[in-house]
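S.K.: As given, the protein sequences belong to chains A and B, one line each in that order. Residue 58 is where the first sequence starts when you use this note's numbering, and the numbers rise one by one after that. Residue 58 is where the second sequence starts when you use this note's numbering, and the numbers rise one by one after that. Where a beta carbon is used, it is the ideal one built from N, C-alpha and C, also for glycine.
Number of protein chains: 2
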Amino acid sequence: MENPNTFSPSGAKEETPSWMLGSVAKCIRTLKTFTVNKPEWTLTQLSKELSISKSTMVNILKTLESFGYIQKLPNQHYRLGIELLELSYHIRASLPILHSAIPIMEEIQRQSGQIVYLTIPKKGKAFYLQSVNPGNRNISYSITGRCTLMHCSCCGKIMLSEMAEEMVDLIIDTYGLPRFTTTTITDRAALKAELQTIRERGYAIENCEEFPNVKGVAVPICSSNRLLGSLSLTGSVFSMPDENMVQYATLLANGANLLASNEEFFPKCDPYP
Amino acid sequence: MENPNTFSPSGAKEETPSWMLGSVAKCIRTLKTFTVNKPEWTLTQLSKELSISKSTMVNILKTLESFGYIQKLPNQHYRLGIELLELSYHIRASLPILHSAIPIMEEIQRQSGQIVYLTIPKKGKAFYLQSVNPGNRNISYSITGRCTLMHCSCCGKIMLSEMAEEMVDLIIDTYGLPRFTTTTITDRAALKAELQTIRERGYAIENCEEFPNVKGVAVPICSSNRLLGSLSLTGSVFSMPDENMVQYATLLANGANLLASNEEFFPKCDPYP
DNA sequence: GAATAAAGTTCAATATACTTGAACAAAAGG
DNA sequence: CCTTTTGTTCAAGTATATTGAACTTTATTC
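Below you can see the structure in the form of structure tokens.
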């Protein structure tokens, strides 16, 4: 995404580039409005939320519906359509990093007995690419595509620990430090101290900071000083005594080392907000 | 999707409706061009494939890239971008039918020991909504969003067996009966005879017709004579002797019965081509 | 390594496709 | 039943997407 517009006056305020297709942008903004927390919207709600006139909104919704990207329920509410799932299948099945990562993750899973995750930094959050679950537990919901805040997860904290301080500050300024459990770090100074500890130790520990009773360990995946992502594992507090942590971290670090040579296979996206 | 255009002359040939946003349609056609079989495209390839001028194609790609729906590789090739995964996560996590289906599928999984699938008919193909895998095997790749032909899979054949004959013919005319293994049914009359057998038996059997050494059983999910989808399970030939089939079918039928009352939770899409 | 071909990028002009508000229809709510 | 809210339609005008030609970069050939 080179220079937006060559003729923009020096200090101009964010002129939309000439190649930007406005109606497409509106459609994508519309799709992104549907989330886990609010999966159903009415025409008027969407129109107000996105500041798009109702007549335009109808065109957007009808177009997206005709392609199956949105479905209209009998009660006039809209939802995301399953055609998007087909699209996502084609990405997942063709994501080159997974072919390298999954066997490595499965081996770590076997040796640790815990759930193993591959995450990358995306817009200042930790983005889950893949999980490998223990055989003895049926975990049918897939985590791929989930995005979590960095301050409360081991995969996120290890990424923060590899970033420049100004970027850490930018991320905190953008998302804040919301509390999820009693152990969530909600203080900027405390978080920075934690990051220093992590740097010295070489791995990050999550102590029920996002979900109660869930502990975790994470290591960074770095290639020539560039942060590519993180390998991590989580489990219940009962299955993860502190004396196991070093062993887990070593397992993960070996895997991360193998993955670090696959820089070109990692999907590209903005790591910072 | 009501009447396309009120002013279209009587016998007019497929006039594009007035609400259709052309540039959005082009973007979606572009996204759909990226598949498992051909996940990377260059500008010129896309331009030729979709009959869109190169200059327009650049605008489409730059717009999609700016939203992370497409990524440009260093070698000037394009791929689907991971932002689509985030979108798909929000659909999956909010698909109401999964909340009802997964517990039922997990129970069938436990009792059968095989892999259990929930599929729905979509455009004359079988669309995989969810799988539940056995605990003793690590199957990390998710099947959600995969779409398979009906004539070679148990879930597809059970759906065909519930359709009107003219629809079966339409589907065969649209996709043909391509061969995948030595046992794939590639003859129209033979397929129709098989469908009759399935109707009398109440469940469909897949005998290594799509993949070698993979057998399967499927039952329909029907509510008030409307076909909603299918519950099925598959396993290796060694783990699925013929004498188990009736037991599997009974397990599945019980589950399908429970799901049939959830008609309103099934995602809506065109079952026929 | 020069020459040639192919692929990718940019731009200004043009036409068309998108947006808009107002007017209407259909539900929802009191 | 009336009022209010929400959804739908339409014609008009303008902003926006498309186009081809000119240009730059990358790849291929000899």
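Could you tell me which residues DSSP pairs with residue 76 of chain B in its beta bridges?
M.R.: The partner list for residue 76 of chain B (beta bridge, DSSP) is empty, contrary to what the question assumes.
S.K.: Should residue 96 of chain A be flagged as near chain B, meaning a C-beta pair shorter than 8 Å?
M.R.: Closer than 8 Å to some Cβ of chain B, the Cβ of residue 96 of chain A qualifies, so yes.
S.K.: Of all Cβ atoms in chain B, is any one closer than 8 Å to the Cβ of residue 175 of chain A?
M.R.: Cβ-Cβ to chain B under 8 Å: no for residue 175 of chain A.
S.K.: Any chance you could list the beta strand (DSSP E) runs of at least 3 consecutive residues sitting entirely within the segment 175-231 of chain A, in chain order?
M.R.: With a minimum length of 3 residues, the continuous beta strand (DSSP E) runs that stay inside the segment 175-231 of chain A are 182-189, 204-206.
S.K.: By the three-class DSSP mapping on this structure, what secondary structure does residue 111 of chain A have?
M.R.: Three-state result, residue 111 of chain A: helix.
S.K.: Thinking C-beta only, is residue 183 of chain A closer than 8 Å to residue 207 of chain A?
M.R.: Against a cut-off of 8 Å, the Cβ pair of residue 183 of chain A and residue 207 of chain A comes out as a contact.
S.K.: What separation, rounded to the nearest whole angstrom, lies between the Cα atoms of residue 175 of chain B and residue 312 of chain B?
M.R.: Each residue's alpha carbon lies about 11 Å from the other.
S.K.: So, do the segment 273-291 of chain B and the segment 114-129 of chain B have three or more beta carbon pairs nearer to each other than 8 Å?
M.R.: Flag = no, the segment 273-291 of chain B and the segment 114-129 of chain B do not touch.
S.K.: Could one say the Cβ of residue 330 of chain B lies closer than 8 Å to chain A's Cβ atoms, at least one of them?
M.R.: For residue 330 of chain B, the answer is no, since every Cβ of chain A falls outside 8 Å of its Cβ.
S.K.: Against chain A, with Cβ distances strictly below 8 Å, would residue 84 of chain B count as a contact?
M.R.: Yes, contact with chain A.
S.K.: With DSSP run on the structure shown, which of helix, strand or coil describes residue 119 of chain B?
M.R.: Residue 119 of chain B falls in the helix class under three-state DSSP.
S.K.: Pick from A/240, A/239, A/217, A/237: whose alpha carbon is nearest that of residue 229 of chain A?
M.R.: Per the Cα distances, A/217.
S.K.: At a Cβ threshold of 8 Å, is residue 77 of chain A touching chain B?
M.R.: Judged by the 8 Å Cβ criterion, residue 77 of chain A is in contact with chain B.
S.K.: Taking Cβ-Cβ distances shorter than 7 Å, what residues in chain B pair up with residue 228 of chain A?
M.R.: Here the premise fails: no neighbours, minimum Cβ distance about 18 Å.
S.K.: Pairs of beta-carbons, one from the segment 247-255 of chain A and one from the segment 285-294 of chain A, closer than 8 Å: are there three or more?
M.R.: Cβ pair count under 8 Å is below three, so no.
S.K.: Using the DSSP secondary-structure output, state which residues sit across from residue 276 of chain B in a beta bridge.
M.R.: BP columns for residue 276 of chain B point to B/288.
S.K.: Can you tell me the Cα-Cα spacing of residue 146 of chain B and residue 201 of chain A, whole angstroms?
M.R.: So the two alpha carbons sit approximately 7 Å from each other.
S.K.: Taking 8 Å as the CB-CB limit, is residue 134 of chain A close to chain B?
M.R.: Answer no: the Cβ-Cβ gap between residue 134 of chain A and chain B never drops below 8 Å.
S.K.: Classify residue 328 of chain A as buried or exposed, calling it buried when 16 or more other Cβ atoms lie within 10 Å of its own Cβ.
M.R.: Classification of residue 328 of chain A: buried, given that the 10 Å Cβ count is 16 or more.
S.K.: Could you tell me which of A/106, A/92, A/110, A/160 sits nearest to residue 137 of chain A, measuring between CA atoms?
M.R.: The option with the nearest alpha carbon to residue 137 of chain A is A/92.
S.K.: Taking only three categories from DSSP, how would you classify residue 135 of chain A?
M.R.: Strand at residue 135 of chain A.
S.K.: Please report the residue range of the alpha helix (DSSP H) in which residue 249 of chain A lies.
M.R.: Counting along the chain, the alpha helix (DSSP H) containing residue 249 of chain A begins and ends at 245-258.
S.K.: What are the uninterrupted segments assigned as alpha helix (DSSP H) that are 4 or more residues long and contained completely in the segment 298-327 of chain B, given in chain order?
M.R.: Within the segment 298-327 of chain B, the complete alpha helix (DSSP H) runs of at least 4 residues are 302-317.
S.K.: Distance, Cα to Cα, residue 233 of chain B vs residue 247 of chain B?
M.R.: Approximately 14 Å, taken between the alpha carbons.
S.K.: Counting only C-beta atoms, is residue 225 of chain B closer than 8 Å to chain A at any point?
M.R.: With 8 Å as the cut-off, residue 225 of chain B does not count as an interface residue toward chain A.
S.K.: Would you mind working out which of B/95, B/268, B/127 sits nearest residue 140 of chain B, comparing C-alpha positions?
M.R.: With distances taken between Cα atoms, residue 140 of chain B lies closest to B/127.
S.K.: Do you know offhand how far residue 75 of chain A's Cα is from residue 211 of chain B's?
M.R.: Approximately 51 Å between the Cα atoms of the pair.
S.K.: Starting from residue 171 of chain B, trace the alpha helix (DSSP H) both ways and give me its first and last residue.
M.R.: Residue 171 of chain B -> no alpha helix (DSSP H), and no H or E assigned at all.
S.K.: For residue 168 of chain A, which option in A/324, A/181, A/304 has the closest C-alpha, if you only look at C-alpha atoms?
M.R.: The shortest C-alpha separation from residue 168 of chain A is found at A/304.
S.K.: With burial defined as no fewer than 16 other Cβ atoms inside 10 Å of the residue's Cβ, what is the status of residue 143 of chain A: buried or exposed?
M.R.: Classification of residue 143 of chain A: buried, given that the 10 Å Cβ count is 16 or more.
S.K.: Drop a sphere of 10 angstroms on the beta-carbon of residue 318 of chain A, count the other beta-carbons inside from all chains shown, and report buried for 16 or more, exposed for fewer.
M.R.: By the 10 Å Cβ count, residue 318 of chain A comes out exposed.
S.K.: By DSSP's criteria, residue 127 of chain A is part of a beta bridge. Which residues make up the other side?
M.R.: Bridge partners of residue 127 of chain A: A/137.
S.K.: Do residue 259 of chain B and residue 333 of chain B come within 8 Å of each other at the CB atom, strictly closer than that value?
M.R.: Residue 333 of chain B falls outside the range modelled here, since chain B spans only 58 to 330, and no answer is possible.
S.K.: Mark residue 124 of chain B as exposed unless 16 or more other C-beta atoms lie within 10 angstroms of its C-beta, in which case mark it buried.
M.R.: Classification of residue 124 of chain B: buried, given that the 10 Å Cβ count is 16 or more.
S.K.: Applying a beta-carbon distance threshold of less than 8 Å, which residues of chain A neighbour residue 119 of chain B?
M.R.: Per Cβ cutoff of 8 Å: 58, 74, 76, 77.
S.K.: Please compile the residues from chain B whose C-beta is within a distance smaller than 8 Å of the C-beta of residue 159 of chain A.
M.R.: Under the 8 Å cutoff, chain B gives 197, 198.
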